[in-house]
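Notes follow the structure.
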Amino acid sequence: MSELLIESPAASVEIEERLRAALPADVDHASARLVEERSEHLRVRRHQLDPIFNQFDAGVMIAIWHDGGLGYAATNDLSPAGLDDAVATARRWAAITAGSMVPVSAPTGHAVGSYESPVEVTWDSMPLADRIELLQQQSRLLGIDDRIVDWSASLVRREIDQLVLTVSSDGGEGRIDQHFRFLYPGLRATANEGTNTQTRTFGANAFCGQGGAEVLGRYGFGDAASRIAEQSLELLTAPNCPSGVMDLLLAPDQMVLQIHESIGHPLELDRILGDERNYAGTSFVTPEMFGEFRYGSELLNVTFDPTVPGQLASYAFDDDGTPAERHHLIDNGILVRGLGGATSQERSGVPGVANSRAVSWNRPPIDRMANLNVEPGESTVAELISSIEDGVYLHTNTSWSIDDSRNKFQFGCEYGQRVVDGEIVGTVRNPGYRGISRTFWRNLKGVADRDSFTVMGTPNCGKGELNQMVGTGHASPACLFGDVEVFGGEA
Amino acid sequence: MSTGAQTYFDEIVAAATGRLVGDEVLLANVAGERTDFIRLNHGDVRQAGTVDQRVLTVDLVEGRRHVAGSIPLTGVRSLDDARLSALLGQLREQRRHVEDDPFLLYNTEPVSTERVEHGEIPAPDAALADIRAAAGGRDLVGIYAAGDTYSGFANSLGQRNWFQSATFNLDWCFYLRADKAAKNLYAGFEWDDDAFAAKVDWSIRQLAALERDPIDLAPGEYRTYLAPRAIEEVTQLLSWYGAFGQRAHETRQTPLLKMLVEDLTLSPLVNIAEDTAGGVAPNFQSAGFVRPDRVPLVVEGAYADTLVSPRSAEEYGVATNGAGDAEQPESLSIAPGAIPTDRVGEALGSGLYVGNLWYLNFSDQAACRTTGMTRFATFWMDDGEIVAPVNVLRFDDTAFRLLGDRLEGLTDTAEVLLDTSTYEQRSTASQRLPGALVSGMRFVL
């Protein structure tokens, strides 16, 4: 039994029977999505262990489609009475919304299947005392100089067990159970001299994924602390990044952000359909563009791939029960498919993917990114660097901003390297760059090969009303862009 | 369960207190809501339903060693007691592996408080009918969220604090086309048809102004009026990144670093405070400390106090002022100035009227250099009159200029802006902000 479990798992026979009994068979379609989450949060900051935090959460979302209406009811009361109350509430909402809904059909068919995160080394095989000591070791490697004024090492493990039961008035039934295991390692070093503060990080916004303790080795957690501590000091004496139009080589841990903001969000069909215009925003992409719009240069190949073992947003079914499959979204630079689940595909007439996802039991599913990856090319990173006459090589995102149509962006990185005449000639601080999505991707002039291809993810993508924060996966090699406006910080 | 949530919380904590061992101290917090939500697009319902949830968080202390955890409260007493017992057992087991926490601080002098704000919230079907009628066939997109939210603190020393409010919040846009929209918010404790109609009328007037052909402005520096909603984005960014927090101050990560190191100041017109008494957030925090009514953060442009959490108080040897762990304002206010709010156009003359900013972040955090976008209704004004809507622009400038030497003045009224965030749970944060007239704001794309 997992150390994190404090009661029977979500898929217990008793709970499942209770849910099945509560679901009404006299409606067009009904579902119960039960989610149990357990997590452990460990952090050592400046050699001091923060209070350990253990989270346990459990609840169910009932959804009822009937007579053109759709109603949701979420509760963490899983007693028979609590479930009956939730079903009655969802029924009321379905009745209230019938006749005033954005036209959507009730789901047809019922899926049956399961998924389990691949785990090589169970996290519980490392005792708590060892986990704390591991973080203390990293803390000692981070706090190496008086100029490093703040540092921390952290580990967050999450276990999510999800069971989706469906039923419809034609007698159909479905059952999907999926079990996710995540690890989010994190390191941070902040150095300061006067008005110059520089932070280097490792982990949480890129190097995290599904699995057990092997996730640490996958990303080189044990080697990272010394490197980021030294780089935070190096940045204190580095010159500001130069300003000008030049070549830009992005490391995989910045490509995560670049893909996410300027390909992922604009391709979400619910944004294109206008659902997000009051909050997350709209998109410069319109339904007519699919199949013919040149999104990037011929070197750009982007896939939606929830089948990558160990990537943060891998799964077998989305929360609408659509089986998850790999698809090209951008094929040799041409936009061919959107990021939208069954409902958005029906509304837009645009081909989509299985990406209807909810953050937990307390939110309805909406279109999310899941794993969105740039496929590797044929150049080595060394070849890309040697092709640069005047440019910068940037690592690790620190700042992100983009307009609500996902066009005009400005991103900043923690660590930059100046590249002149094919050679890295030094480190630069406060590097940033800005551009317009379609121009930027069309200026993609080099994609590194599988050697630099890194499978990553980011845990905090915010979207939706009610707001939802979900994890998304991104994999990429290093990529080279031409004619980019680059700049540095204040003098 | 919201009606009896306070009693239930008291009973759960009392039962758990009875099961403490030796010198253990229990700190408990509950956060919950029962929220009806209606999500709309093109004036129709996209998603609608109810979320009923509450989370109990406990910190189990023995001496200076402690471990924390959380469980959902179902309302079924036997199950909740059993879960809490299991959690406490797990925390005791983990506590064997931790050393004394030198930064542990919790309130040991019980101060019990209670604040309950009752509301008159329409039934969901009535609210939906009102909203759709107001849309009148226009392209309305947004979210209506309504119901009880509550939070409570209790400890085994006998302290009890409770905050509960019944509110509604309609956060919506009328869209004209593409990214041109009139953004508005109607929120409160009692739904008032006349007040809602006035909000709708304002949006319709702004929509009419957006019908003119939009113009593109070249990058450059423009005289600009930033409406309170735009200022809110700036203060929110500063708050998130520790501008007003003791920890960020001590570790030199505050974006206002130059105010610490170089004695740089904002404009003397700027007075910023954490105004708990004027806000709608709870006046207590998770370790049981009750917040003062007001903490001055910036006084006449100069750095004043910071928000100090209990952990920072122990770490840095200063007194806590009841801040949460994140040391971010929850009820930030900027004092109004002298520009008559109803004569903003006249004060601006020729320049940009920016209703909303969006997606702010730092270009250079240590220098407080900030970037972000205009959004929704942004207009070019000439002689105080609207000339045309302006297509979205990216700015890149420092708060030291925008709220410093380029600040000409603030409006004479400050608008109460309720936080519409619903991550995890509906927010109770708010800000009270005036608009700002800036002689020059830098736009780069």
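Protein sequence lines correspond, in order, to chains B and D. For what it's worth, my numbering labels the leading residue of the first sequence as 1, then goes sequentially. For what it's worth, my numbering labels the leading residue of the second sequence as 1001, then goes sequentially. Heads up, the beta-carbon is just placed ideally off N, CA and C, and yes, glycines get one too. All of these numbers come straight from a predicted model, not from anything done at the bench.
Where residue i falls, given that 16 or more other Cβ within 10 Å makes a residue buried
i: residue 460 of chain B; result: exposed
i: residue 118 of chain B; result: exposed
i: residue 1396 of chain D; result: buried
i: residue 132 of chain B; result: buried
i: residue 1118 of chain D; result: exposed
i: residue 492 of chain B; result: A query on residue 492 of chain B cannot be resolved here, the shown segment of chain B reaching from 1 to 491 and no further.
i: residue 1142 of chain D; result: buried
i: residue 37 of chain B; result: buried
i: residue 1220 of chain D; result: exposed
i: residue 125 of chain B; result: exposed
Sub-8 angstroms separation of residue i and residue j beta-carbons
i: residue 354 of chain B; j: residue 341 of chain B; result: yes
i: residue 471 of chain B; j: residue 312 of chain B; result: yes
i: residue 1306 of chain D; j: residue 1291 of chain D; result: no
i: residue 1406 of chain D; j: residue 1371 of chain D; result: no
i: residue 1121 of chain D; j: residue 1390 of chain D; result: no
i: residue 256 of chain B; j: residue 456 of chain B; result: yes
i: residue 1377 of chain D; j: residue 1355 of chain D; result: yes
i: residue 1188 of chain D; j: residue 1168 of chain D; result: yes
i: residue 1026 of chain D; j: residue 1184 of chain D; result: no
i: residue 35 of chain B; j: residue 360 of chain B; result: yes
i: residue 63 of chain B; j: residue 351 of chain B; result: no
i: residue 1373 of chain D; j: residue 1348 of chain D; result: no
i: residue 1010 of chain D; j: residue 1064 of chain D; result: no
Nonlocal neighbours in the same chain, by C-beta distance under 6 angstroms from residue i, ignoring five residues either side
i: residue 1309 of chain D; result: 1323, 1325 and 1327
i: residue 373 of chain B; result: 303, 305 and 475
i: residue 1254 of chain D; result: 1242, 1243 and 1248
i: residue 200 of chain B; result: 189, 228, 231, 232 and 414
i: residue 1282 of chain D; result: 1151 and 1163
i: residue 1408 of chain D; result: 1437 and 1439
i: residue 501 of chain B; result: What the structure shows of chain B is the stretch from 1 to 491, and residue 501 of chain B is not part of that stretch, so it cannot be assessed.
i: residue 1083 of chain D; result: 1071
Other residues of its chain near residue i: CB distance less than 8 angstroms, five sequence neighbours each side excluded
i: residue 1049 of chain D; result: 1036 and 1037
Spatial distance of residue i from residue j (CA atoms)
i: residue 71 of chain B; j: residue 370 of chain B; result: 25 angstroms
i: residue 1400 of chain D; j: residue 128 of chain B; result: 46 angstroms
i: residue 148 of chain B; j: residue 1440 of chain D; result: 37 angstroms
i: residue 4 of chain B; j: residue 1095 of chain D; result: Any reading at residue 4 of chain B must be qualified, since the residue scores a pLDDT of 43, below 50, and its modelled position is unreliable; the value itself is stated next. Taking the straight line joining both Cα atoms gives about 15 angstroms.
i: residue 1294 of chain D; j: residue 1332 of chain D; result: 10 angstroms
i: residue 329 of chain B; j: residue 1078 of chain D; result: 51 angstroms
i: residue 446 of chain B; j: residue 186 of chain B; result: 30 angstroms
i: residue 1446 of chain D; j: residue 1247 of chain D; result: Outside the displayed range of chain D (1001 to 1445) lies residue 1446 of chain D, so it cannot be described from this structure.
i: residue 334 of chain B; j: residue 1042 of chain D; result: 30 angstroms
i: residue 153 of chain B; j: residue 1059 of chain D; result: 22 angstroms
i: residue 1192 of chain D; j: residue 254 of chain B; result: 49 angstroms
i: residue 1116 of chain D; j: residue 1329 of chain D; result: 21 angstroms
i: residue 270 of chain B; j: residue 111 of chain B; result: 23 angstroms
i: residue 91 of chain B; j: residue 166 of chain B; result: 15 angstroms
i: residue 298 of chain B; j: residue 452 of chain B; result: 20 angstroms
i: residue 1412 of chain D; j: residue 1431 of chain D; result: 16 angstroms
i: residue 1160 of chain D; j: residue 1014 of chain D; result: 11 angstroms
i: residue 277 of chain B; j: residue 1051 of chain D; result: 23 angstroms
i: residue 1363 of chain D; j: residue 486 of chain B; result: 12 angstroms
i: residue 1375 of chain D; j: residue 1358 of chain D; result: 6 angstroms
Nonlocal neighbours in the same chain, by C-beta distance under 7 angstroms from residue i, ignoring five residues either side
i: residue 181 of chain B; result: 117, 119, 159, 210, 211 and 212
i: residue 1398 of chain D; result: 1367, 1368, 1369 and 1370
i: residue 1239 of chain D; result: 1328, 1329 and 1332
Residue i CB to nearest heavy atom of the ligand FMN below 7 angstroms
i: residue 1019 of chain D; result: Inclusion of the ligand FMN in the displayed structure is not the case, the ligand content being empty and no account of it being possible.
Item to complete: Could you list the residues in the segment 1333-1350 of chain D with a C-beta less than 8 angstroms from some C-beta on chain B, going in chain order?
Response: Within the segment 1333-1350 of chain D, no residue qualifies.
Contacting positions in the segment 53-73 of chain B - beta carbon closer than 9 angstroms to chain D: Of all residues in the segment 53-73 of chain B, only 53, 54, 55, 56, 57, 58, 59, 61, 62, 63, 69, 70, 71, 72 and 73 come within less than 9 angstroms of chain D when Cβ atoms are compared, listed by chain position.
Note down, in chain order, all residues in the segment 1294-1310 of chain D with a beta-carbon under 9 angstroms from any beta-carbon belonging to chain B. Of all residues in the segment 1294-1310 of chain D, none comes within less than 9 angstroms of chain B when Cβ atoms are compared.
Near-chain B residues of the segment 1064-1090 of chain D (beta-carbon distance less than 9 angstroms), N- to C-terminal order
Here the close residues are 1066, 1067, 1068, 1069, 1070, 1071, 1072, 1073, 1074, 1075, 1076, 1079, 1082, 1083, 1086, 1087, 1089 and 1090.
So if I threshold CB-CB distances at 9 angstroms, which residues from the segment 399-411 of chain B count as touching chain D? Those would be 399, 400, 401, 402, 403, 404, 405, 407, 408, 409, 410 and 411, in chain order.
Name, going along the chain, the residues of the segment 16-49 of chain B whose beta-carbon falls closer than 8 angstroms to a beta-carbon of chain D.
-> Flagged, chain order: 48 and 49.
For this session: Below 7 angstroms between beta carbons is the criterion; list the residues of the segment 274-298 of chain B that meet it against any residue of chain D, in chain order.
Result: So the close ones are 274, 275, 277, 278 and 282.
May I ask you to list, following chain order, the residues of the segment 77-103 of chain B that have a beta carbon less than 7 angstroms from some beta carbon of chain D? Under the 7 angstroms Cβ criterion, the segment 77-103 of chain B contributes 77, 78, 79, 82, 89, 90, 93, 96, 97, 100, 101 and 102.
- Interface positions of the segment 1032-1064 of chain D facing chain B (Cβ-Cβ less than 9 angstroms), listed along the chain: The segment 1032-1064 of chain D vs chain B, Cβ under 9 angstroms: 1035, 1036, 1037, 1038, 1039, 1040, 1041, 1042, 1043, 1044, 1045, 1046, 1047, 1048, 1049, 1050, 1051, 1052, 1053, 1054, 1055, 1057 and 1059.
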